[in-house]
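Enquirer: Note that the working numbering has the sequence shown beginning at 201, numbered continuously upward.
Following this message is one structure expressed as structure tokens.
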Amino acid sequence: MMNTAPSFSEALDIKGKCAVVTGSTSGIGLALARAFAREGANVVLNGFGEADTIENIRADLADSCGVTVRYSPADMTRPDEIATMIRDAEDEFGGVDILVNNAGIQFVAPVDEFPIEKWDAILAINLSSAFRTTRAALPAMKKRGWGRIINIASAHGLVASPFKAAYVAAKHGVVGLTKTVALEVAELDITCNAICPGYVRTPLVDGQIDEQARVHGLPRDQVIRDVILAAQPNKRFTEVEEIAGLALFLCSAFGRSMTGRAISMDGGWTAR
Ligand code: NAD
201 MMNTAPSFSE ALDIKGKCAV VTGSTSGIGL ALARAFAREG ANVVLNGFGE
251 ADTIENIRAD LADSCGVTVR YSPADMTRPD EIATMIRDAE DEFGGVDILV
301 NNAGIQFVAP VDEFPIEKWD AILAINLSSA FRTTRAALPA MKKRGWGRII
351 NIASAHGLVA SPFKAAYVAA KHGVVGLTKT VALEVAELDI TCNAICPGYV
401 RTPLVDGQID EQARVHGLPR DQVIRDVILA AQPNKRFTEV EEIAGLALFL
451 CSAFGRSMTG RAISMDGGWT AR
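Take a look at the structure:
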């Protein structure tokens, strides 16, 4: 690959590439979109939110980074909209080079009370959409001979917690999908990996803190320490920028041989 070891900035060359990040109007996805844009990649944002807020994010990212930033309103439960998102990216940028399957939702209930529509929605958004985007984006990656697929799974892709049947099933499924895709394209310069964060402080987790505070009748601080971070040995939330840093590594030349992996970023949670 290289005669002399490059510096990290030399090894990371994604200028002009196209990165599609699902669920990037908030949280981890937005941090990833920012990180790719800062490194010179054109970005397709996706996810829900107020139109004005999303347009501000889009315009700010484009102006501050000097890249093209588009927004796709595709709903990850809608196969036709997912296909349109990938097709539009290919029409404008020639292909999707970096695909991040990040959109996700959570719902917590005992399995025998789990609402069927919540199960269906979690499986559709957290798992099936990753299959659909990958299926649509891979042919152009193969043609162009380079691609990075990053699936944002979870510690719950590796271990379970009670009351999260749909989330745990979907995230384990994402890890299985990751391994399969990686094997199918291993001889090409295309990698597929899953990042498995523990708790990251985002709106998704803020919602869980509120819910647990209500259920247990505890103050938020105590819920964070004794409930949310109980299984996370380093006792702090992972920052969204840490996840983005790992994604950049996977897109660099140093990440080229890393494929088919479920990479934990969970403060030691799954080391137990
Ligand atoms: P978040 O709620 O901040 O962001 C979720 C994003 O997904 C938003 O942009 C939202 O609009 C989008 N989204 C939701 N439903 C959608 C749909 N039907 N179609 C398109 N977009 C949709 O959450 P987050 O914490 O940033 O989570 C991002 C990913 O990281 C999820 O897959 C989540 O499971 C995973 N994850 C999060 C944590 C954590 O602690 N926050 C830990 C492990 C894994």
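Built from N, CA and C at the ideal position, the CB exists for glycine as well.
In this text, all values refer to a predicted model and were calculated from it rather than measured experimentally.
Answer yes or no: the CB of PRO397 versus the heavy atoms of the ligand NAD, is any distance below 7 Å?
Expert: Here residue 397 is taken as the residue at index 197 of the sequence shown, counted from 1. Answer for PRO397: yes, Cβ within range of the ligand NAD.
Enquirer: Could you have a look at VAL146 and say whether DSSP puts it in helix, strand or coil?
Expert: Any question about residue 146 goes unanswered here, given that the chain covers just 201 to 472.
Enquirer: Quick check on TYR271: does DSSP put it in helix, strand or coil?
Expert: Translated into the one-based positions of the sequence shown, residue 271 becomes position 71. Strand.
Enquirer: What does the alpha-carbon distance come out to for the pair ALA337 and ARG258?
Expert: Sequence index remark: in the sequence shown, residue 337 carries index 137 (1-based). Sequence index remark: in the sequence shown, residue 258 carries index 58 (1-based). Roughly 22 Å between the two C-alpha positions.
Enquirer: Per DSSP, what are the beta-bridge partners of PRO397 in this structure?
Expert: Your numbering for residue 397 matches position 197 in the sequence shown. Beta-bridge pairing links PRO397 to MET465.
Enquirer: Any chance the CB of THR222 is under 7 Å from a heavy atom of the ligand ADP?
Expert: Ligands in the displayed structure: the ligand NAD; the ligand ADP is not one of them.
Enquirer: What are the residues that DSSP puts in a beta bridge with ILE350?
Expert: Translated into positions along the sequence shown, residue 350 becomes position 150. Paired residues: VAL300, ASN393.
Enquirer: Mind reading off the beta-carbon distance from LEU299 to VAL374? Whole number of angstroms is fine, and I expect it under 8 Å.
Expert: Here residue 299 refers to the residue found at position 99 when the sequence shown is read from its first residue. Here residue 374 refers to the residue found at position 174 when the sequence shown is read from its first residue. Contact doesn't hold; Cβ gap of about 13 Å is too wide.
Enquirer: Assuming contact is defined by CB atoms lying nearer than 8 Å, are ASP466 and PRO362 in contact in what I supplied?
Expert: In the sequence shown, the residue the question calls residue 466 occupies position 266. In the sequence shown, the residue the question calls residue 362 occupies position 162. No, these two residues do not count as a Cβ contact at 8 Å.
Enquirer: Considering Cα atoms alone, identify which of SER264, LEU429, ASN246, GLU441 is closest to THR155.
Expert: Residue 155 lies beyond the range of the chain shown here (201 to 472); nothing can be said about it.
Enquirer: Is it the case that the Cβ atoms of GLU441 and ALA233 are separated by a distance below 8 Å?
Expert: Mapped onto the sequence shown, residue 441 falls at position 241. Mapped onto the sequence shown, residue 233 falls at position 33. For GLU441 and ALA233, no; Cβs fall outside 8 Å.
Enquirer: Please state the DSSP three-state secondary structure of ASN434.
Expert: In the sequence shown, residue 434 corresponds to position 234, counting from 1. In the structure shown, ASN434 sits in coil (DSSP, three-state: anything other than H, G, I, E or B).
Enquirer: Using the beta-carbon count (16 or more within 10 Å), is LEU383 buried or exposed?
Expert: Within the sequence shown, the letter at position 183 stands for residue 383. Exposed, by the Cβ-count rule.
Enquirer: For MET276, verify whether its CB is less than 7 Å away from any heavy atom of the ligand NAD.
Expert: The residue given as residue 276 occupies position 76 in the sequence shown. At least one heavy atom of the ligand NAD is nearer than 7 Å to the Cβ of MET276, so yes.
Enquirer: Contact check, GLY227 vs LEU404 under 8 Å by CB: the rounded distance?
Expert: For the purposes of this step, residue 227 is taken as residue 27 along the sequence shown, with counting starting at 1. For the purposes of this step, residue 404 is taken as residue 204 along the sequence shown, with counting starting at 1. That belief holds up - the Cβ atoms of GLY227 and LEU404 are roughly 6 Å apart, short of 8 Å.
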